[in-house]
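Heads up, the sequence shown is in my numbering, so the first residue is 57 and it goes up one at a time.
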Amino acid sequence: MGPQSDEGLATRTVGGSGPRVVFVHGLFGQGKNWTTAAKGLADRHRVTLLDLPNHGHSPWTDRVDYVDMAGLVAAELEAFGEPVTLVGHSMGGKVAMQLALRRPELLRALVVVDIAPVEYPVSGGRTDDPDEEASPFGAFIAAMRAVDLGALRTREDADRALREAVPSTMVRSFLLQSLVREGVGSGRWRWRLNLETLERDLGELRGFPDPPPGATFDGPVLWIAGADSHYVLPEDRPRMEELFPRVRLVKVKNAGHWVHSEQPEVFLETLRRFLAAVEG
């Protein structure tokens, strides 16, 4: 499962045979976020976990752009020489939708996790619900950039430093997966995230570039949303159905935005059933 990269994206594949499934993570993530799901599918599938640019082991770029990212993922899929089921969460779901609309021949099916093909607000929420979490990503970046890496002794120190800006233990541990120590022993800490560029281009990530005129993806699409999340709202449905005529929405109870981390068994079972149906 070693990462490969020859200027392409870093990828790992588990499972030796069967139809291909490719997972694309969200902002601040990396391919290994999907390890549990990948292991759950690897008995019957070849499952590839990608690191998007500016994340994980993939190269850093000088700008963050959905069409660029979709092109880089498409290049990885082309190398397989057979269509895949592409699964994307959040930012990765937008990359996956852009790819499906631009290079539909590369996909057998599409799974979009807790995101819609719409623009999200820079601050404030999408609903009148006072409990709705405002988009926290800018605050997360500021908190990560504020960690004094030179003075850091342990990962626990970093966890403490992030606690105020990132109260959720689950989200903190997710972010800290990208904090690594170079070399052995007292090596320097660094983020495997291009925080400067991600911060500058956060506005791009909130958007959804216009697909090519008249483009639709006519293959099967599973849309998984967290029942406690506001990333997928009823008013998002018409646009989703316009672009993806064969979409089916499944809401997962007791899950927010990180559906696959919050309800891993339900997520995996939902995905297995969909794969069984599309692979016939």
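Just so you know, even glycine gets a beta-carbon here, dropped at the ideal spot from N, CA and C.
Using a 10 angstroms sphere on the CB of S73, the tally of other CB atoms stays under 16, which defines it as exposed. By DSSP's assignment, F79 forms a beta bridge with L105, V143. Residues V203, L208, L232, L235, W245 of the same chain have their beta carbon placed closer than 8 Å to that of A214, with the five preceding and five following residues left out of the count. The region 160-169 and the region 142-150 touch, with three or more beta-carbon pairs separated by less than 8 Å. The shortest C-alpha to C-alpha distance from I197 to any of T210, A156, L218 is the one to L218. If you ignore the 5 residues before and after T272, its C-beta comes within less than 8 Å of the C-beta of L157, E298, L299, F300, P301, all in its own chain and listed in chain order. Residues of the same chain with a CB within less than 8 Å of the CB of T92, apart from the 5 flanking positions on each side, are H316, P320, L324 in chain order.
Here M226 is exposed. Its C-beta has fewer than 16 other C-beta atoms within 10 Å. As summarised for the region 225-304, the continuous alpha helix (DSSP H) elements at least 4 residues long and confined to that stretch are 225-232, 251-256, 258-262, 293-299, given in chain order. Excluding the 5 residues flanking it on each side, P268 has no same chain C-beta neighbour closer than 6 Å. In terms of CA proximity to A283, E318 leads the group L155, V277, E318, L261.
Cβ-Cβ distances below 6 Å link A221 to A195, A199 in the same chain, with the five nearest sequence neighbours on each side left out; the list follows chain order.
Counting only the Cα atoms, P276 lies some 27 Å from P109. Taken through DSSP and simplified to helix, strand or coil, K95 comes out as helix. Counted as a single uninterrupted DSSP element, the stretch harbouring L162 is not any alpha helix (DSSP H), since DSSP gives it neither H nor E. The alpha-carbon of D292 is positioned some 44 Å away from that of G206. Counting every other CB atom within 10 Å of its CB across the protein chains shown gives P173 a total of 16 or more, marking it as buried.
At a Cβ-Cβ threshold of 8 Å, Y122 and Q86 do not count as neighbours. Shown here, T67 sits in a strand according to DSSP, grouped into three states.
According to the DSSP assignment, G336 belongs to no alpha helix (DSSP H), since it is labelled neither H nor E.
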